[in-house]
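S.K.: Encoded as structure tokens, here's the structure I'll be asking about.
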Amino acid sequence: MRSILLAFVSVLFISNLQAQNSIQKQSMVCLLDMTHLNNNNDSRLFACKQVLIATGASFVVRKSIGDASQYGAILFSSDILNGTFNSAQRDSIINYVSNGGVVITSNVKDPDFYNLFGISDYTTERRNYTLNWRTGYDSTLFTYFNHEFENEISLGDPDRGDALYTRHYELNGATPLGYFNNNQQKPAVITHEFGQGRVYAFGLSLRDVTLRNMLNYDYGAHRVYSNGFEPSGDMFPLFIRSILAKEIENFVWKHTSPVNSYNTVMITHDIDSRTGMDTMKYFAQEELSRGIVATYNVTTRYFADSVLSAFYLDKENKVQELLSYNQKICSHSVGHFRDFDDFKMGPSGLTPFNYTPFNNGDSTRNGYVMPEVEVSKNMLEQNHGVQIKTFRAGHLLYPDALPAALESQGYLYESTLSTNDILYSFPFPLKEDRSFSGRTTSVLEISMTLSDVYGGISKENYHYAVDDWLRSTLEYEYNYSPVTLLIHPNRRWKVDAMKIYLDYLSEKNMILDMETYGNFWKKREQLQFWSEPQGNGTTVITIPDDQFPLDPFLSFGVHGTENNGKVIVKRESGQELNFTSENVHPRNHILVYQPTFAVGNKTVKQESNTIQLYPNPSSPGGQITIDKAFDSGVELSMYNLSGQLVYSKTFAAGSMVRTSLPADLNPGVYVIRISGSDRNYTKKVLITQ
């Protein structure tokens, strides 16, 4: 009898586990890898992966229709061509949708799928230059569309003639969601309800509006190069996120900015002149006073030619001084050459003694990509005791050999491309040789959005530039997109411009250095989770145990504030985690986050007053206290602004929280968190020399 009972319990446990897994999968997306079906290279799969990474959806990649059909939505990685699917696969897809599934695809060409998608034919063109969305059709689908450049996105420059291959559909039951060239006879994006499910189809390849832009091979589609707002590429992951929010109950995604911030702003400075070397400390002093870590991209000019002097030599102490102001040093190449994009790869292993490029005013001889990234990195690391992980090329020039050279030298991040120029703001990995079929490297592009490069900018009119910076930052903030500002620190009045910009940023902006944001993005991409609506409005987000320790910057968005009750975040083993939530107005979703690094949060500000630091600002060794005894044990944790734990101490129940800070802290701003079972306290503190 006992064995029968145990068998029954085992069957019940397995049944519950299978049911739970089924519920989990319904909250997830499957990317259907079709490279073997259409004999593609991996460029289309890569593009769709980047789209889903930007959406923040929990997704898997599968090659089988049967496997894909277990998930709440399927994104096809490639077009539906004649012969892509056999009859059995076609029937499986139709049954999946009919039973409540959601399919998102590009370019439906197979007549056997016309009925499913509610179309009767299509027409191919290369003279469609805009995609105009029907933003009034459904507020859930178009929640991110509130700017004229979002309502009408650019696909190419009409003056160039041919642009992307596009297909507008002839409708037979489908509903248009957008038109090419604002022409209602050219449906560009469609949706169709079929049985209990729904399909969505684009009349273009997602590769052409993502990877093509990332490679900077678009057809002149950008409407502004810098200091503006160009979201044409961003709108595809944002629109697909909105599809998922509409179709998946209480849809959950990984937020694109840390904690509860609305976007991340990165302040960067390119040191590429003698005047920049002489005045950069004033920027660093201002940034330290505000608790900001900026990125200083240093050109290691150790030789003079017809264009520039050897301005790095004898200025190493000024670069070293940046570290005393808690700033980040990165590479801006060796020579800052105007023809860098023409350079070949060149040899590795060179040094300042045998790498001797020279520009005569017209062109550079003996200049190569590899030593530009290798020699500059080695010099900065040897001279200043730092690790160089980030690169930006002089004049924002991008040779084809750059990705492979950066990867070979251990760089993790790159910031040469212009956000506006490539029509895309989110980070993405570089492709080797700047090729569609190139190998995907480990180097992440964090593009440059705004800069001080204006014709005629001066101390009399710089406020016009600041206005552009603030306006563009706000537009990207609405989409939770990162913004990178470049200011050359070669004029003292530019400090004033930077101060005004910083003063007028939203309290929901988080200011980070590029490496910290890049680390956050990579951890975000790696984070696995699933979610389960409970039927009573409560949503449970579960994080597998192998994902811990959890980055304190990581947070989630949850769709449906009017239907959502409590949002619970827990470990797979069952432990409920310390997350809090806030509504995003006027949008119909919630941000769910760990409160340690929260921004613009009244509760956090009130609680911070409970923590006392003497003196404040303090030097290392300062005294921190809370004049309160806790009923349970508490832990004091101290983080730098990169989210790294630098100090922790545990206090027993009933004891007063009182301790001295470590004596070896570097200058900068830190976050102190005191956590217990009944209350959590957070405070930012400034540590000086």
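Here the sequence shown stands for residues 3 to 691, where the numbers follow the numbering used here.
Note that CB positions come from ideal geometry on N, CA and C, so glycine has one too.
1. Among T661, Q596, G670 and S533, which one has its Cα closest to the Cα of I757?
2. Just the Cα atoms here: how many angstroms apart are G293 and S333?
3. Per DSSP, what kind of secondary structure is R675 in: helix, strand or coil?
4. Let's test the definition: count the other Cβ atoms within 10 Å of the Cβ of Q93 and tell me whether it reaches 16, buried, or not, exposed.
5. Give the DSSP-derived three-state secondary structure of L504 in the structure shown.
6. Going by other Cβ atoms of all chains shown within 10 Å of its Cβ, with 16 needed for buried, is G576 buried or exposed?
7. Report buried or exposed for D35, applying the criterion of at least 16 other Cβ atoms within 10 angstroms of its Cβ.
8. Tell me whether the beta-carbon of S228 lies closer than 9 Å to the beta-carbon of N422.
9. Check for me: the beta strand (DSSP E) holding D123 runs from which residue to which?
10. Hey, out of Q329, A306, P349 and P546, whose CA is closest to G363's CA?
11. Note the first and the last residue of the continuous beta strand (DSSP E) segment covering L432.
12. Evaluate R675 with the Cβ neighbour count: other Cβ atoms within 10 Å of its Cβ, from every protein chain shown; 16 or more gives buried, anything less gives exposed.
13. Does K685 come out as helix, strand or coil in the three-state DSSP assignment?
14. DSSP has F204 in a bridge; who is on the other side?
15. Of the residues G559, S650, P597 and K568, which one's Cα is nearest the Cα of L246?
16. So F430 packs on M237, CB below 8 Å; how close in whole Å?
17. Identify every residue that forms a DSSP beta bridge with N75.
18. Starting from the Cα of S45, find the closest Cα among L414, V254 and F438 and give me that residue.
19. Would you say the segment 266-282 touches the segment 581-597, given that touching needs at least three Cβ pairs under 8 Å?
20. Pull up the distance between the alpha-carbon of E447 and that of Y415, whole angstroms please.
21. Please state whether the Cβ-Cβ distance between I592 and V601 is less than 9 Å.
22. What's the C-alpha gap between L667 and Y649?
23. Who are the Cβ neighbours of Y116 in its own chain at under 8 Å, not counting the five residues just before and after it?
24. If distances are taken between C-alpha atoms only, which option among T541, G537, T582 and K525 comes closest to D553?
25. In this structure, does DSSP put I294 in helix, strand or coil?
26. Assuming S29 and I250 make a contact with CB atoms under 8 Å, what is their CB distance in whole Å?
27. Does the segment 70-85 touch the segment 153-162, meaning 3 or more C-beta pairs lie closer than 8 Å?
28. Is there contact here, the segment 398-415 with the segment 456-472, by at least three beta-carbon pairs under 8 Å?
M.R.: Short version:
1. No answer is possible for residue 757: it lies beyond the span of the chain, which begins at 3 and ends at 691.
2. So the two alpha carbons sit approximately 23 Å from each other.
3. strand
4. The amino acid at residue 93 is misidentified as Gln; the sequence shows Asp. By the neighbour-count rule (16 or more Cβ atoms within 10 Å), D93 is not buried but exposed.
5. Assigned with DSSP and collapsed to three states, L504 falls in helix.
6. Counting Cβ neighbours within 10 Å, G576 comes out exposed, since fewer than 16 surround it.
7. Flag for D35 reads buried.
8. yes
9. I121 to E127
10. A306
11. F430 to K433
12. buried
13. Here DSSP, grouped into helix, strand and coil, assigns K685 to strand.
14. S108 and V191
15. G559
16. Contact between F430 and M237 is absent: CB atoms are separated by about 16 Å, not below the 8 Å threshold.
17. For the sequence presented, residue 75 should be read as Ala rather than Asn. Looking at the DSSP output, A75 sits in a beta bridge with V31 and V104.
18. The residue with the shortest Cα to Cα distance from S45 is F438.
19. no
20. 6 Å
21. no
22. Distance from the CA atom of L667 to the CA atom of Y649, rounded to whole angstroms, is 10 Å.
23. V110, S122, D123 and N174
24. K525
25. coil
26. 6 Å
27. In this structure the segment 153-162 does not touch the segment 70-85; the number of beta carbon pairs closer than 8 Å is below three.
28. Judged by pairs of C-beta atoms under 8 Å, the segment 398-415 does not touch the segment 456-472, as fewer than three such pairs exist.
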